[in-house]
Amino acid sequence: MVLVASEVLSRMNKKAQFEAARKTIYWMVSGVVIAMVVVGFAIVIAGYKNKLTEVPEELDAKFMALRFTNSEDCLAYQDPISGRVIPGMIDTNKLTNAQIDLCYLTENKTGHHVYNFGFNIAGKFIRTNNFYNDTDFTLQYDVLLNNGGNVTQDTLVISVQRSIP
Amino acid sequence: MNNKASAVLTLIFELVAVVLVIGMVYSIASGFATSRTVNKINRAEDLKMWVNVLVSLPGDVVIENSKTFEDYYINLYGDKISVGIVGENKEDVIERKFILPKGYVAEGFANNVTNLCMTKKGSYINFRECSKTEVKSFSPELESGPGGVGGS
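So the sequences go chain by chain: A and B. Count along the first sequence from 1, then add 1; that gives the number in our numbering. Count along the second sequence from 1, then add 635; that gives the number in our numbering.
This is how it looks when you write it as structure tokens:
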């Protein structure tokens with residue numbers, strides 16, 4: 002026999018009706034509280050997980066910036082005769098925005114959400130395509146500067162822009 | 636329905652609710668305790684940084700990753716690396732993006748491997764299971780070098 006809710010209630014005595022209503026209110030309130038506890042627990046765990054997997058921004062930026070001083074496809078000097086690349090030696094002829102674009106080019110529309118870099122060396126300033134001088138931190142490297150065979154010592158200052166909202 | 640019957644019904648409802656809540660909390664906690672997601676994220680971040688390192692190395696190189704990738708699969712394609720666990724849903728795969736210099740190509744796939752080889756040859760970056768010969772061929776030079784550098 003199937004009973005609808007109203008029939009069930011009509012068959013209850015007064016005390017049972019009161020008891021059922023009281024329990025319903027209790028479970029409505031505790032349902033909200035339990036849901037909040039579960040959501041809170043999930044948020045705490047997610048936060049802890051983020052802490053466990055967090056990579057320090059400077060470390061990430063340093064790994065990316067390695068290419069600028071070490072790769073011949075970026076700024077590193079390559080001997081024209083032997084073809085040998087000298088990591089840590091920068092070719093002054095490569096200090097152009099066009100060369101940086103070949104080495105590290107972010108997407109035009111969304112590129113400001115990723116790392117961008119500005120480079121100060123030998124009195125010049127060059128930058129990646131979405132660098133807008135919103136520097137989060139800087140990296141410094143002691144480098145050699147090869148200016149047509151004339152080698153001097155210099156400091157490469159890389160301004161790192163983490164992300165622009 | 637009498638008072639006793641309603642009390643039994645509410646007791647059953649309470650028990651079901653308590654079991655449900657315990658089940659939810661347990662599943663969240665156990666999912667975290669196995670650390671699968673954390674391991675996947677750490678591996679994806681690690682491999683993304685390795686791609687950046689490979690780009691910055693002049694010349695050709697083969698590196699054997701010291702981590703084991705048993706039960707994991709790795710897919711390197713375009714400007715992304717994805718790490719997943721064998722048999723899990725596609726939505727649970729962790730992806731990380733990187734930026735390559737112009738003309739560089741990155742690709743590779745490794746499934747359930749203990750030795751992951753990361754290679755750079757010119758402007759081609761590849762991740763795959765190490766073949767027996769390629770890593771051994773590097774070992775004698777490394778072991779005989781000053782300080783006895785070996786492994787990866």
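Glycine included, every Cβ here is placed at the ideal spot set by N, Cα and C.
Length of the line joining the Cα atoms of residue i and residue j
i: A/Val30; j: A/Val45; result: 23 Å
i: B/Gly713; j: A/Thr129; result: 20 Å
i: B/Val673; j: A/Lys50; result: 7 Å
i: A/Asp92; j: B/Trp685; result: 25 Å
i: B/Gly694; j: B/Lys756; result: 7 Å
i: B/Leu644; j: B/Val651; result: 11 Å
i: B/Gly719; j: A/Asn94; result: 43 Å
i: A/Arg85; j: B/Gly738; result: 20 Å
i: B/Glu680; j: B/Arg731; result: 7 Å
i: B/Phe704; j: B/Met659; result: 30 Å
i: B/Ile663; j: A/Ala43; result: 7 Å
i: A/Leu76; j: B/Leu692; result: 13 Å
i: A/Thr107; j: A/Gln154; result: 30 Å
i: A/Gln18; j: B/Ser665; result: 41 Å
i: A/Thr25; j: B/Glu723; result: 40 Å
i: A/Tyr142; j: A/Leu67; result: 10 Å
i: A/Asp61; j: A/Leu140; result: 12 Å
i: A/Pro88; j: B/Val740; result: 22 Å
i: A/Val38; j: A/Lys52; result: 21 Å
i: B/Ala642; j: A/Lys16; result: 11 Å
i: A/Asn148; j: A/Pro166; result: 39 Å
i: A/Ile35; j: B/Val721; result: 34 Å
is_contact[residue i, chain B] using C-beta, thresh 9 Å
i: A/Met37; result: no
i: A/Val86; result: yes
i: A/Asp102; result: yes
i: A/Gly32; result: yes
i: A/Phe64; result: yes
i: A/Glu73; result: yes
i: A/Thr93; result: no
i: A/Phe42; result: yes
i: A/Thr97; result: no
Within-9 Å CB hit, residue i to chain A
i: B/Leu682; result: no
i: B/Met753; result: no
i: B/Lys737; result: yes
i: B/Gly694; result: yes
i: B/Lys732; result: yes
i: B/Val728; result: no
i: B/Ser665; result: no
i: B/Ser766; result: no
i: B/Ala652; result: yes
i: B/Phe648; result: yes
i: B/Ala642; result: yes
i: B/Ile720; result: no
In DSSP terms, what residue i is bridged to
i: A/Lys125; result: A/Ile122
i: A/Ser160; result: A/Gly119 and A/Thr139
i: B/Ala652; result: Beta-bridge pairing links B/Ala652 to no other residue.
i: A/Ile101; result: Per DSSP, none; premise fails for A/Ile101.
i: B/Lys756; result: B/Tyr759
Within 9 Å, strictly: CB atoms of residue i and residue j
i: B/Ser758; j: A/Asp74; result: yes
i: A/Ile122; j: A/Gln100; result: no
i: A/Leu146; j: A/Met90; result: yes
i: A/Phe120; j: A/Ser83; result: no
i: B/Glu726; j: A/Trp28; result: no
i: A/Val144; j: A/Thr97; result: no
i: B/Asn790; j: B/Cys765; result: It is not possible to answer for residue 790 of chain B, since the shown part of chain B is limited to 636 through 787.
i: B/Leu689; j: B/Met753; result: yes
i: A/Phe138; j: A/Glu55; result: no
i: B/Asn700; j: B/Leu682; result: yes
i: B/Phe744; j: B/Tyr707; result: no
Expected contact under 8 Å - CB spacing of residue i and residue j to nearest Å
i: B/Ile729; j: B/Ile676; result: 5 Å
i: B/Phe733; j: B/Asn687; result: 6 Å
i: A/Asn117; j: A/Gln79; result: Contact doesn't hold; Cβ gap of about 25 Å is too wide.
i: A/Gly112; j: A/Asn131; result: 4 Å
i: A/Val115; j: A/Ser164; result: 7 Å
i: B/Arg671; j: B/Lys702; result: B/Arg671 to B/Lys702, Cβ: 15 Å. No contact.
Beta carbon proximity, residue i to chain C, threshold 9 Å
i: B/Ser758; result: Absence of chain C from the displayed structure is noted, the protein chains being A and B.
Near the ligand PLP: residue i beta-carbon under 8 Å from a heavy atom
i: A/Ile91; result: By its list of ligands, the structure shown contains no ligand whatsoever, and the ligand PLP lies outside what it can speak to.
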